[in-house]
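One structure is given below, encoded as structure tokens.
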Amino acid sequence: MNAELVHAKTFVNDLFVLIKFRIGLMVVFSTSVGYVLGMGYVPDPIHIFHVLFATFLTTSGTGILNQFMERERDARMGRTADRPLPAGRIAPELACWFGLILSGMGIVYLGVLVNYLTALVGLLTVVVYLLLYTPLKPKTPHNTAIGAIAGALPPVGGWTAATGVLSGEALALFGILFLWQFPHFLSIAWLYREDYARGGFRMLPIEDPQGHRTAHQVVLYTLVLLSCSLMPALLGMAGVAYFGVAVLLGLGLLYASLTFAQSRTDVLARRLMRATLIYLPVLWTVMMLDKIT
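Every letter in the sequence shown is one number past the one before it in our numbering, and letter 258, counting from 1, is 258.
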């Protein structure tokens, strides 16, 4: 009985890893931001459930297919070698079909119960992530920029789900999330540069061992992010309270970026990564609250 419980617990844990559950929650949260801002008030619970559930299905399926495509490289990396596919606990063919079914269901779900434009945004996310970003990771350090396109589309999907149109406000949300990913993922790539090198991924910190280009990009994108984060207030999507919080958060993130750029140590890279993890959810939450209150 104990062995069965351990096996069941391992399977559940593997399932959570396979669908990239935590990333899925972040995507759902970013989608809800776009939705609430598009609606301008507390949304209908049934409709937003359809939007977020379909988004989670699509994201989960995409995460599975990404791991299916990268399973051999993941086996070479310490931080990913124990994932269910490289560790051999789940058959690759089963994972592939599961990923195709989930992502397909999510896109169809969006088209039928939300709207076609949002389904198109979901499809674009899947295509960019799996057919562009994933194959480019071993080929060019510019893969981060391609991946950031897919990563920045969830709030756009939330906006189109609420409004049925693509507008400048949606592009402002896209810009914030697109720019945020550079200090976030470059700090991660710096911390795990040796692991990424073993996996054969061409991340910028691997090709820039002194860290000068990495530091330059971190600071540059943080500066542009600080400016872009003010756009929702200027476009009337949020008010003065949001504007003030966005400035303070931006200055805090800029300080973390500049500190990392000056010394480029693992300690400062980890501090920068944590700063990005604080920055985004606080910014999104204040933006929503400022809109609906």
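By construction, the Cβ of each residue, glycine as well, lies at the ideal position given by its N, Cα and C atoms.
How would you label PHE11, buried or exposed, when you count the other beta carbons within 10 angstroms and need 16 or more for buried? By the neighbour-count definition (other C-beta atoms within 10 Å, threshold 16), PHE11 is an exposed residue.
Tell me the start and end of each unbroken alpha helix (DSSP H) in the region 213-259 that is at least 4 residues and wholly inside, in chain order. List check, alpha helix (DSSP H) in window: 231-234.
Find the nearest neighbour of PHE16 within the set ALA54, VAL51, LEU258 and GLN67, judged by alpha-carbon distance. Relative to the Cα of PHE16, the nearest Cα in the group ALA54, VAL51, LEU258 and GLN67 belongs to GLN67.
Using a Cβ-Cβ cutoff of less than 8 Å, which residues in the same chain neighbour LEU123 once the five nearest sequence positions on both sides are dropped? Cβ within range, chain order: ILE107.
C-beta atoms of GLY252 and LEU226 nearer than 8 Å: When the beta-carbon positions are compared, GLY252 and LEU226 stay at least 8 Å from each other.
How far does the alpha helix (DSSP H) with LEU120 in it extend, from its first residue to its last? If you look at LEU120, you'll find it in the alpha helix (DSSP H) that goes 116-127.
Count the CB pairs spanning the region 109-118 and the region 50-69 that are closer than 8 Å, and state whether there are at least three. Yes: at least three Cβ pairs fall under 8 Å.
Could you check how far apart the C-beta atoms of THR31 and GLY157 are, in whole angstroms? I think they sit under 8 Å. Confirmed, about 6 Å.
Evaluate the contact criterion for the region 173-180 versus the region 206-214: three or more CB pairs, one atom per stretch, below 8 Å. The region 173-180 makes no contact with the region 206-214; the number of CB pairs closer than 8 Å stays below 3.
Using the beta-carbon count (16 or more within 10 Å), is ALA95 buried or exposed? Answer is buried; the Cβ neighbour count reaches 16.
Could you pull the start and end residues of the alpha helix (DSSP H) that VAL33 belongs to? Counting along the chain, the alpha helix (DSSP H) containing VAL33 begins and ends at 21-39.
Inter-stretch contact at 8 Å, needing at least 3 Cβ pairs: the region 70-88 / the region 33-44: The region 70-88 is not in contact with the region 33-44.
Does the Cβ-Cβ distance between ILE64 and GLY104 come in under 8 Å? Using a Cβ distance threshold of 8 Å, ILE64 and GLY104 do not count as a contacting pair.
Are there 16 or more other CB atoms within 10 angstroms of the CB of THR118, so buried, or fewer, so exposed? In this structure THR118 is buried. Its beta-carbon is surrounded by 16 or more other beta-carbon atoms within 10 angstroms.
Looking only at its chain, what residues have a beta carbon closer than 8 Å to the beta carbon of SER187, apart from the 5 residues adjacent to it on each side? For SER187, where only same-chain residues beyond five positions count, the Cβ hits under 8 Å are VAL218, PHE260, ALA269, ARG270, LEU272, MET273 and THR276.
Are ALA150 and TYR35 close, meaning C-beta to C-beta below 8 Å? In this structure, TYR35 does not lie closer than 8 Å to ALA150 by Cβ.
Candidates ALA197, PHE185, ARG193 and LEU204: closest to HIS142 by CA position: Checking every option, the nearest Cα to that of HIS142 belongs to LEU204.
Spatial neighbours of LEU166 within its chain, please: C-beta separation below 8 Å, excluding the five flanking residues on both sides. If the five residues before and after LEU166 are omitted, its C-beta is found closer than 8 Å to the C-beta atoms of LEU117, VAL156, TRP159 and THR160, all from its own chain and listed in chain order.
Out of GLN262, GLY244, TYR129 and VAL282, which has the shortest C-alpha to C-alpha gap to SER60? Closest option to SER60, judged by alpha-carbon separation, among GLN262, GLY244, TYR129 and VAL282: TYR129.
Tell me which same chain residues have a C-beta within less than 7 Å of the C-beta of PRO235, skipping the five on either side of it? Note on residue identity: the sequence assigns Leu, not Pro, to residue 235. Cβ neighbours of LEU235 within its own chain (closer than 7 Å, five residues either side excluded): GLY168, GLU169 and ALA172.
Proximity winner among LEU113, PRO183 and TYR242, relative to LEU220 (alpha-carbon distances): For the residues LEU113, PRO183 and TYR242, the minimum Cα distance to LEU220 belongs to PRO183.
Assuming ARG202 contacts LYS291 under a Cβ cut-off of 8 Å, what Cβ separation, rounded to an integer in Å, is found between them? Contact check for ARG202 and LYS291: beta-carbon distance about 40 Å, past the 8 Å limit, so the pair fails to qualify.
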